[in-house]
Amino acid sequence: MTRHLSLASDPIIGPGLKADEEVDVTLPRLARHQITLPDGHTVGVAVCGRGVPLVVVHGFAAEGILYAQTLSRLVDLGFKVIAVDAAGHGGTLGLPTGAASMTSYAELLGRVLDHLGVREAVLAGHSMGGRLVTELAAMEPSRAIAVVLLDAIVGDTWDRMVTLFRVFPPLLVGVGATLAVDTVTTLPWFGDPRQALKLGHLVTPIIRGHLRRPWRLLGPAASILRSRGSRSMLETLREEKIPVFVIHGTHDVAVPLSTAKDAARRARGDLVVVKGGSHSWLLKDPETLPAIVHELMRGRLGTAVLKAQLQRGIDPVDASDDEVEAALYEPDALVLDLTPRQWVHDTQALHRAPRFAWTCLPARSADG
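When we follow this note's numbering, the leftmost residue of the sequence shown carries the number 926, and every step to the right adds one.
Following this line, the structure appears as structure tokens:
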């Protein structure tokens, strides 16, 4: 019996490239799919690369493909990148009206990973996506090799902000306006017009979709307001000894840097401060996050990935991509079928220098 219940359309990889072609490309491209879960829920995913699963969840009002430029650069590090559209975003249907908190969104993410055949993964999330991966890892610690939080809405400061939003909802509108301005100014029209055009090409269809169906965002917004505080789930990650990496921009107005410091302290995680980064700095420059992850892979993140492979009986030095994937995914995993067959070479030499500088504070330093 096939696990491939349905695909709404052929995967979209890029101009002139189909999913069954093997070509030599400068950078791998994400293939977009819509899958249908056993309960009938349609979900949008985008996949590329071979190796250890890196699951990425986007921020509020975004979708996975918006991060394509950044994510394609992470494949060099031995990851299969799996970008999942959260409920009510991109190619994913919204949740029923009874889904009253972020817990329901995290549970859906867990069902998606089960259907894709992902046993455990590095879980990464930006903004709202950071909340989802934190909650999923706290509910099911065995799923998480590590957790990477990118300007995430977790931490004591954010929890206090949500309390204020409940008392005076117009404050949430103000934060939403701040995020909208941040998204517009993320396009580097003057500093890097070429990058602005590339990002604009990704952003435009998302904006059109929101204009056509603005009500889709009401559910996620209401769920953020109704969700419980994040303190206990961050402490669970600490108790379960899940490596946590909190990456945050110094100029994030919507989600202040103090909330990242709270999260790093609660989870005993490493704190990475991106100098001059606004809320969507990883979209403004697709090179900075891969460079940060490259540095983290030389430390605790790399150790966590190696440990996960060793526990599955894999020799990280000599194992092939097929052997790694056989160990870390379920047999006949759907995500393996969805991955485009592309020749992926070491493309580090093709990368530009990161636009942003950053400072890494190990867990003990972050604690202080």
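A virtual CB, placed ideally from N, CA and C, is assigned to each residue, including glycine.
Straight-line gap, residue i to residue j (C-alpha atoms, nearest Å)
i: V1006; j: F1093; result: 39 Å
i: L1089; j: L1150; result: 10 Å
i: L1221; j: G1099; result: 34 Å
i: V981; j: R998; result: 13 Å
i: A1282; j: T1213; result: 8 Å
i: E946; j: H1040; result: Reliability of the predicted coordinates at E946 is poor, the pLDDT of 40 falling under 50, and the value obtained from them is presented with this limitation in mind. Looking at the two C-alpha atoms, the distance is approximately 25 Å.
i: G1174; j: R1223; result: 22 Å
i: V1218; j: R957; result: 24 Å
i: S1245; j: L1143; result: 45 Å
i: R1191; j: W1083; result: 13 Å
i: R1085; j: V1178; result: 15 Å
i: R1280; j: D1210; result: 6 Å
i: A971; j: A1008; result: 5 Å
i: A986; j: P1241; result: 38 Å
i: P1265; j: G974; result: 8 Å
i: A1045; j: S1203; result: At residue 1045 the sequence reads Glu, which differs from the Ala that was named. Going by the C-alpha atoms only, they are around 31 Å apart.
i: D1010; j: G1238; result: 32 Å
i: A1138; j: G965; result: The amino acid at residue 1138 is misidentified as Ala; the sequence shows Arg. Whole-angstrom Cα-Cα distance: 21 Å.
i: D1262; j: L1162; result: 32 Å
i: T1361; j: T995; result: Past the boundaries of the shown model lies residue 1361; the chain is included only from 926 to 1293, so the question cannot be answered.
i: A1252; j: V1000; result: 18 Å
Residue burial classification, residue i (beta-carbon count within 10 angstroms, cutoff 16)
i: D935; result: Bear in mind that a pLDDT of 37 at D935, under 50, signals an unreliable position, so the number given afterwards is only what the model happens to contain. Looking at its Cβ environment, which holds fewer than 16 other Cβ atoms inside 10 Å, D935 is exposed.
i: D1247; result: exposed
i: A1278; result: exposed
i: H1051; result: buried
i: G1080; result: buried
i: K1200; result: exposed
i: S1157; result: exposed
i: G989; result: buried
i: H1176; result: exposed
i: R1056; result: buried
i: D1076; result: buried
Other residues of its chain near residue i: CB distance less than 8 Å, five sequence neighbours each side excluded
i: G1035; result: L1061, M1064, E1065 and R1068
i: Y992; result: V981, H983, A1008, H1051, L1207 and L1208
i: L1231; result: P1241
Sequence-distant residues of the same chain with beta carbon closer than 6 Å to residue i, five excluded per side
i: T967; result: Q959, T961 and L1018
i: A1258; result: G1042
i: G1171; result: Residue identity differs from the one stated: residue 1171 is Val in this sequence, not Gly. These residues qualify, in order along the chain: L1074, A1185, A1188, A1189, G1194 and L1196.
i: V1047; result: L979, I1070 and A1071
i: A1146; result: none
Own chain partners of residue i with C-beta closer than 7 Å, once the 5 adjacent residues on each side are dropped
i: R1225; result: P1168 and D1195
CB contact check: residue i to chain C, cutoff 9 Å
i: V972; result: Judged by its chain identifiers, the structure shown contains no chain C, having just a single protein chain.
Bridge partner(s) assigned by DSSP for residue i
i: L1079; result: Looking at the sequence shown, residue 1079 is not Leu but Val. Answer is none; V1079 lacks a bridge partner.
i: Q959; result: G969
i: G1050; result: V982 and L1074
i: L1286; result: L1196
i: A1069; result: A1046
i: V977; result: F1004
(Q) Quick check for students: name the residue ranges of the alpha helix (DSSP H) that lie wholly in the stretch 1209 to 1241, counting only runs of 4 or more. (A) 1213 to 1221 and 1225 to 1236
Q) Going along the chain, which unbroken runs of the alpha helix (DSSP H) with 4 or more residues stay wholly within the stretch 980 to 1044? A) For the stretch 980 to 1044, whole alpha helix (DSSP H) runs of length 4 or above, ordered along the chain, are 993 to 997 and 1027 to 1041.
Q: Jot down the residue ranges of each uninterrupted alpha helix (DSSP H) in the stretch 1132 to 1207, minimum 4 residues, whole runs only, in chain order.
A: Here the runs fully enclosed are 1143 to 1151, 1156 to 1164 and 1182 to 1192.
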